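Position 93 (the sequence shown) corresponds to 190 in the numbering used here; numbering is contiguous. Note that CB positions come from ideal geometry on N, CA and C, so glycine has one too. Nothing here was measured: the structure is a model prediction, and the numbers come from that model.
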Amino acid sequence: MQKRIISTCDFGPGLKLPCTSEGYTQSEIDQKLTEKLEEIETKLRRQCKSRGKDYDSLGRYQKWLLVDFTYNLGDVFSKFPKFAKAVLDRDLATMKAEYERSYTDPSGQKKLQTERNKWTKNVIQKIEDGE
C-alpha cells in the first residue's frame, strides 16, 4: 500500500484537489497533474491554431513558456497577450520586454516574482541560444 500524502491539496495555481482526510498518493497526484497538463496543451493547440500557428510545431522551450504561464496564471493569451504572441513568433526582444510577473502583497505593494522571472528569463535565453 502506498503512503498517503496528507500535507496539501494545493499543487500550484493550476491544480487544486479537494482536501480529504486520506490525502493523496504520489501516483494519484502525478495522474491529476498529467491530466491537467494534457488539458492545458489541448487548450493551447486550439489557441495557437486560431492564431495561425501549430502548437506541435513550436520548439520545446516555446511550449514550456506557454504551458508554464497557462498553468500558473490561466489564459496566457488574455493575461499576457504581447508575451504569448512573441513566444509564437519567436520574437526574443518582445519576450524579454514582456515576461516579468508580479503580484500585490497584503500591504498593497507590487512585488516581482523573482524566482519565476529568473526561470522564464533562462528559458528565453535557451531559445535565443538555439537549444
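Legend entry - the stretch 177 to 196 touching the stretch 124 to 137, judged by at least three CB pairs closer than 8 Å: no
Inset, instruction - Pick out whichever of D226, Y168, C116 has its Cα sitting closest to the Cα of R213. - result: Y168
Inset, instruction - State the CB to CB distance for the pair F174 and Q210, rounded to an integer number of angstroms; the pair is presumed to be in contact (CB under 8 Å). - result: At roughly 20 Å, the Cβ-Cβ gap does not stay under 8 Å, so F174 and Q210 are not in contact.
Legend entry - Same chain, Cβ closer than 8 Å to K133, five either side skipped, listed in chain order: G111, L112, Y168
Inset, instruction - Indicate the three-state DSSP secondary structure (helix, strand or coil) for L162 in the structure shown. - result: helix
Legend entry - Exposed unless 16 or more other CB atoms sit within 10 angstroms - verdict on Q222: exposed
Inset, instruction - Could you check the C-alpha separation between Q128 and T122 for me, to the nearest Å? - result: 10 Å
Legend entry - As assigned by DSSP and simplified to three states, the class of Y196: coil
Inset, instruction - Only counting runs of 4 or more residues, tell me where the alpha helix (DSSP H) segments fall wholly within the stretch 113 to 152, in order along the chain. - result: 123 to 147
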